[in-house]
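J.: Mind looking over this structure? Questions follow.
In the working numbering, the protein residues as written are 23 to 117.
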C-alpha cells in the first residue's frame with residue numbers, strides 16, 4: 023500500500039467540506055482509480071464537477087500530480103507513487 027495526499031481547492035473544497043485528504047491505495051494505482059475512490063466517498067456532485075465521463079477528466083478541472091498537470095503525463099492512466107501529492111483545482115476563466 024502507498025499513501026497519497028489530495029488537496030481540494032475552491033469549489034471542490036466546498037463540495038468535499040475538506041481541503042486535504044490522505045488515501046492509501048495499492049501499488050501501481052492510477053489517477054483514475056483514485057478518482058473512483060474519491061467519487062465513492064464524496065458523491066455525485068463531486069463526480070459531476072471533476073469528470074465529463076468515467077474516462078475523461080472535466081476540461082474545467084486542473085489535476086496536478088506533484089506540480090505537473092496530468093494531461094502532460096499519462097492523463098487518468100498516470101500511476102501514482104508513495105507520498106505523491108494530487109491537487110484538484112477548478113479552472114477559472116474570465117473576461
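All C-beta atoms, glycine included, are put in the ideal place defined by N, C-alpha and C. Small disclaimer: the values here were computed from a predicted structure and weren't measured.
Flag residue 75 as yes if its beta-carbon sits less than 7 angstroms from any beta-carbon of chain D, otherwise no.
T.: The chain inventory of the structure shown lacks chain D, comprising one protein chain alone.
J.: Can you give the Cα-Cα distance for residue 57 and residue 102, rounded to whole angstroms?
T.: For residue 57 and residue 102, the distance between alpha carbons rounds to 12 angstroms.
J.: Drop a sphere of 10 angstroms on the beta-carbon of residue 51, count the other beta-carbons inside from all chains shown, and report buried for 16 or more, exposed for fewer.
T.: By the 10 Å Cβ count, residue 51 comes out buried.
J.: Any contact between the region 65 to 79 and the region 40 to 48? By contact I mean 3 or more CB pairs, one from each, below 8 angstroms.
T.: Short answer: they don't touch.
J.: So the candidates are 37, 25, 104, 113; which of them puts its Cα closest to the Cα of residue 64?
T.: Comparing Cα-Cα distances from residue 64 to each of 37, 25, 104, 113, the minimum goes to 37.
J.: Whose C-beta lies closer than 8 angstroms to the C-beta of residue 112 among residues of the same chain, with five residues either side of it excluded?
T.: Closer than 8 angstroms at Cβ, skipping near neighbours: 31, 32, 33, 34, 71, 82, 83, 84.
J.: For residue 40, name the three-state secondary structure that DSSP assigns.
T.: Three-state result, residue 40: coil.
J.: Just how far apart, CA to CA, sit residue 67 and residue 86?
T.: Each residue's Cα considered, the two are about 21 angstroms apart.
J.: For the alpha helix (DSSP H) that residue 85 lies in, which residues bound it at each end?
T.: Careful: residue 85 lies outside any alpha helix (DSSP H), inside the beta strand (DSSP E) at 83 to 87.
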